[in-house]
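These notes concern the structure reproduced below.
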Amino acid sequence: MEFIAHRGLSGAAPENTAAAFNEAASLGFRNVELDVLFTADDVPVVCHDDDLNRFGHQVLVSQQPWTTLQTLDMGSWYGPSFHGERLLTLDAALDQLSRQFDCINIELKPELNGHLTGPRSLRLTEQLARARAQGLALLMSSFDPRLVSWCQQHCPELPRAVLVEGPLTRAHEQLADLTGASAVHLDNDYLKAEDISRIKAQGLTARAYTVNEPARARALKQWGCDGIFTDILSPGSAP
Ligand code: G3P
Ligand code: MG
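Position one of the sequence shown corresponds to residue 1 (UniProt numbering), numbered consecutively onward.
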């Protein structure tokens, strides 16, 4: 079973920062997940929330230019030793991660729906193509069906996954079928053994997010789950 460091290893360092990715690499993770949003001036950045309030800043990523966002301290909210961690552009993150990991799962946040057109679309596809050309394995995913379709249309060569929030439904399976997804990423809070059997019976890969309990990781492995996204469990502690 694959272990995927969720937002970098976000149980050990501030999520989606260089420190979180370094932590994951040092613990032996070969797979990592990150989230992508865009700045007001169309720069793709690695960030989970459009509203940075949780990190101590009263700003929206989508409303600010990169020159402003790049000055923000994204580490102190987590602990003083992480003071000075910065938001990363996707380009910079992929450059770092290409030297540290085998596979990067890029999650397109639902806020991007309807905003991934024109220069943004072009910039994102160029950056993904460049990373792929460097030999980095990429996996695209989104909770938003339209963004999974965007991936199918704009970077069909990259594998994609349907993200499920809440219980698995027939609609998720149909979306995976329609978009040629190779995987379904299931919500651990609702996940049952039969969901994994259903997904795998369709020839798809089943992964679960977010799994932080060793006993749960063991159960998922027994059920045939192919991978888990985790904030704290290291591959060395594999069940
Ligand atoms: O991609 C798996 C997981 O990251 C989805 O949820 O909210 O942590 O981005 P979230
Ligand atoms: Mg995510």
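Glycine included, C-beta positions come from ideal geometry on N, C-alpha and C.
Using a threshold of 6 Å, is the CB atom of residue i nearer than that to any non-hydrogen atom of the ligand MG?
{"i": "ASP50", "result": "no"}
{"i": "GLU165", "result": "no"}
Cβ of residue i versus every heavy atom of the ligand G3P: is any distance shorter than 6 Å?
{"i": "residue 249", "result": "The structure shown has nothing for residue 249, since the chain only spans 1 to 239."}
{"i": "ASP187", "result": "no"}
{"i": "GLU33", "result": "yes"}
{"i": "GLU107", "result": "yes"}
{"i": "TYR209", "result": "yes"}
From residue i to residue j, what distance separates their C-alpha atoms?
{"i": "GLY75", "j": "SER237", "result": "26 Å"}
{"i": "ALA219", "j": "GLN64", "result": "44 Å"}
{"i": "ASP226", "j": "THR205", "result": "6 Å"}
{"i": "SER121", "j": "HIS154", "result": "8 Å"}
{"i": "ILE104", "j": "LEU88", "result": "15 Å"}
{"i": "SER81", "j": "ALA171", "result": "44 Å"}
{"i": "VAL148", "j": "ARG160", "result": "7 Å"}
{"i": "GLN70", "j": "VAL61", "result": "11 Å"}
{"i": "ALA19", "j": "GLY8", "result": "8 Å"}
{"i": "VAL59", "j": "GLY203", "result": "43 Å"}
Per DSSP, residue i is paired with what?
{"i": "ILE104", "result": "VAL32, LEU138"}
{"i": "ILE6", "result": "Just to set this straight, residue 6 is His in the shown sequence, not Ile. DSSP, once it has assigned bridges, lists GLU33 as partnering HIS6."}
{"i": "PRO235", "result": "Answer is none; PRO235 lacks a bridge partner."}
{"i": "PRO44", "result": "PHE38"}
{"i": "THR230", "result": "ALA5"}
{"i": "LEU220", "result": "Looking at the DSSP assignment, LEU220 forms no beta bridge with any residue, so it has no partner."}
{"i": "ASP51", "result": "LEU60"}
{"i": "LEU88", "result": "VAL46"}
With C-beta atoms as the reference, is residue i less than 7 Å away from residue j?
{"i": "GLU111", "j": "ASP177", "result": "no"}
{"i": "PRO145", "j": "LEU90", "result": "no"}
{"i": "GLU126", "j": "ASP35", "result": "no"}
{"i": "ILE196", "j": "GLY166", "result": "no"}
{"i": "HIS57", "j": "LEU72", "result": "yes"}
{"i": "GLN134", "j": "GLY180", "result": "no"}
{"i": "GLU23", "j": "ALA12", "result": "yes"}
{"i": "LEU233", "j": "ALA217", "result": "yes"}
{"i": "LEU94", "j": "ALA131", "result": "yes"}
{"i": "VAL211", "j": "ILE228", "result": "yes"}
{"i": "SER98", "j": "LEU139", "result": "no"}
{"i": "PHE29", "j": "PRO235", "result": "yes"}
{"i": "SER142", "j": "LEU163", "result": "yes"}
{"i": "GLN100", "j": "ALA5", "result": "no"}
{"i": "TRP150", "j": "LEU116", "result": "yes"}
{"i": "GLU85", "j": "THR39", "result": "no"}
{"i": "ASP41", "j": "PRO119", "result": "no"}
Checklist line | 4 or more residues per run - each alpha helix (DSSP H) lying fully within the stretch 161 to 211 | finding: 170 to 179, 193 to 201
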